[in-house]
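Heads up, the thing below is written out as structure tokens.
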Amino acid sequence: MIYFNTKPEIIEAAIQSAPVHAWVGEFSGRDSVAAIIAAFEHDACDFVLPVASFAGTEYGDTRDLLENHAHLRSEIEARYGGAKTIGDLIFYSDPFLWGLINGRHVAQLTRQFGFYTPCIGCHAYFHLLKLPFAKRLGKVIISGERESHDGRVKLNQLPQVLDFLSGEIGAEGVQLLQPIRDLSDGDAVETMIGWAWKEGVNHPECTFSGNYKLADGRVDYDPAALATFLTDYLGPVHRLVARALGTGFDYDRRELEHAVKGIFNP
Numbered sequence: 013m014i015y016f017n018t019k020p021e022i023i024e025a026a027i028q029s030a031p032v033h034a035w036v037g038e039f040s041g042r043d044s045v046a047a048i049i050a051a052f053e054h055d056a057c058d059f060v061l062p063v064a065s066f067a068g069t070e071y072g073d074t075r076d077l078l079e080n081h082a083h084l085r086s087e088i089e090a091r092y093g094g095a096k097t098i099g100d101l102i103f104y105s106d107p108f109l110w111g112l113i114n115g116r117h118v119a120q121l122t123r124q125f126g127f128y129t130p131c132i133g134c135h136a137y138f139h140l141l142k143l144p145f146a147k148r149l150g151k152v153i154i155s156g157e158r159e160s161h162d163g164r165v166k167l168n169q170l171p172q173v174l175d176f177l178s179g180e181i182g183a184e185g186v187q188l189l190q191p192i193r194d195l196s197d198g199d200a201v202e203t204m205i206g207w208a209w210k211e212g213v214n215h216p217e218c219t220f221s222g223n224y225k226l227a228d229g230r231v232d233y234d235p236a237a238l239a240t241f242l243t244d245y246l247g248p249v250h251r252l253v254a255r256a257l258g259t260g261f262d263y264d265r266r267e268l269e270h271a272v273k274g275i276f277n278p
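Structure, rendered in structure tokens:
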């Protein structure tokens, strides 16, 4: 797995030196970069603080992210001069939190909801980690989620899932901006970013990629079971974690773990 964080004092300095109205950009693969570029088209967006976070199942060379960030910075400078700015890349992950949401209770989740995938909770985790940044800045998180990827369905980016994630972040007083949500064409994404970058390359990979697919590649799921999972598990967990984080990054692990266990049916 990949795990290292930007030093706390550097994170704090980045937050304090950013404009108070700055937006926070999730920084990972090609879609996240396209989403940041799309967000800059808003008049209200003139500074984005990019934050890269890793799941407990990711691996790869983080230098790819630094190179992609350099490409993005050059592209923004070429398009806007000094009128709009992308901040330095911040790294912030929390393996304990990822495990608590997505790994600790697999047996219970499977028994209670009839299925298991870490991918939906993983996206919730990525958004939750950006909340402390966004709450102290412009209260906007930019996400690169898309409902369709050239006709392919991803369980963690179904319309009902994206609506749910947006609603949970919104309940915390922060907007989850999904500017390329309706963009299905991968070639259009590549055109948007301004340089050659094929889907699925030049960023860390996940050992659980495609875990919700059947052997023939189909995505078969029960919408009712998914809705129950969101309502009865991920929603309550999301609210517990958001409350524990507040506007910072320190929380009582034992207390949060105990609270999460209290969500489940006996």
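The numbering of the sequence shown is our numbering, which starts it at 13 and goes up by one. C-beta: ideal position from N, C-alpha, C; glycine also. Predicted model, so just to flag it, every value in this text is computed and none were measured.
Note down, in chain order, each residue of its chain lying with its Cβ closer than 6 Å to the Cβ of residue i, except the 5 sequence neighbours on either side.
i: Gly274; result: none
i: Asp162; result: Gly198
i: Lys147; result: Thr259
i: Phe276; result: Gln120
i: Gly126; result: Ala237
i: Leu268; result: Ala256
i: Asn168; result: Cys131, Ile132 and His135
i: Trp110; result: Ala67, Gly68 and Tyr137
Expressed to the nearest angstrom, what Euclidean distance is found between the alpha-carbon atoms of residue i and residue j?
i: Phe241; j: Phe108; result: 21 Å
i: Lys166; j: Arg230; result: 10 Å
i: Thr129; j: Ala95; result: 42 Å
i: Asp100; j: Arg91; result: 18 Å
i: Ala25; j: Ser155; result: 23 Å
i: Glu53; j: Asn17; result: 30 Å
i: Ile98; j: Phe39; result: 11 Å
i: Glu180; j: Thr203; result: 31 Å
i: Pro62; j: Ala50; result: 14 Å
i: Phe59; j: Asp228; result: 44 Å
i: Ala47; j: Ile192; result: 6 Å
i: Val253; j: Ile153; result: 17 Å
i: Asp175; j: His250; result: 14 Å
i: Gly93; j: Ala56; result: 16 Å
i: Ala271; j: Leu112; result: 11 Å
i: Val173; j: Pro248; result: 15 Å
i: Gly41; j: Asn114; result: 21 Å
i: His33; j: Ser221; result: 35 Å
i: Thr6; j: Thr219; result: Lying before the first or after the last residue shown, residue 6 is absent from the chain, which here runs from 13 to 278.
i: Lys151; j: Pro20; result: 21 Å
i: Arg164; j: Ser29; result: 41 Å
i: Ile205; j: Val186; result: 25 Å
What is the C-beta distance between residue i and residue j, in whole angstroms, given that I count them as a contact (C-beta under 8 Å)?
i: Ile27; j: Leu149; result: 7 Å
i: Leu246; j: Ile132; result: 7 Å
i: Trp207; j: His83; result: 6 Å
i: Leu141; j: Glu184; result: Contact flag wrong, Cβ pair sits at about 13 Å.
i: Phe145; j: Val45; result: About 18 Å separates the two Cβ atoms, so there is no contact after all.
Give every residue of the same chain whose Cβ lies closer than 7 Å to the Cβ of residue i, excluding the five residues on either side of it in the sequence, and list them in chain order.
i: Ser178; result: Leu188 and Gln190
i: Gly182; result: Leu188
i: Val195; result: Going by the sequence as given, residue 195 is Leu instead of Val. Taken in chain order, the residues that qualify are Arg158 and Val201.
i: Phe103; result: Phe16, Asn17, Thr18 and Ala64
i: Pro31; result: Phe59
i: Asp106; result: Leu141
i: Phe261; result: Pro144
i: Thr122; result: Tyr128
i: Gln124; result: Phe276 and Asn277
i: Tyr263; result: Ala256 and Leu257
i: Leu78; result: Leu101
i: Arg265; result: Phe108
Excluding five sequence neighbours on each side, which residues of the same chain lie with their C-beta closer than 8 Å to the C-beta of residue i?
i: Gly72; result: Ile14, His215, Pro216 and Glu217
i: Leu226; result: Asp232
i: Leu170; result: Glu159 and Leu238
i: Asn223; result: Thr129, Pro130 and Cys131
i: Asp244; result: Gln124, Phe125 and Ile275
Using only the heavy atoms of the ligand ZN, determine whether one of them is closer than 7 Å to the beta carbon of residue i.
i: Leu177; result: The ligand ZN is not part of this structure, which contains no ligands at all.
Handout entry: Inter-stretch contact at 8 Å, needing at least 3 Cβ pairs: the stretch 80-88 / the stretch 117-127
Key = no
Practice task
Could you tell me whether the stretch 198-205 touches the stretch 223-237, using the rule of 3 or more Cβ pairs below 8 Å?
Solution key: no
Exercise for the section: Say whether the stretch 129-146 touches the stretch 62-69, bearing in mind that this needs 3 or more beta-carbon pairs closer than 8 Å, one atom from each stretch. Expected result: yes
Problem - Start-end ranges of the beta strand (DSSP E) lying completely within the stretch 49-132, minimum 3 residues - result: 59-64
Handout entry: Runs of beta strand (DSSP E) wholly within the stretch 155-223 (minimum 3 residues, chain order)
Key = 187-189
Handout entry: Within the stretch 236-278, ranges of the alpha helix (DSSP H) (whole runs, at least 4 residues)
Key = 247-257 and 265-273
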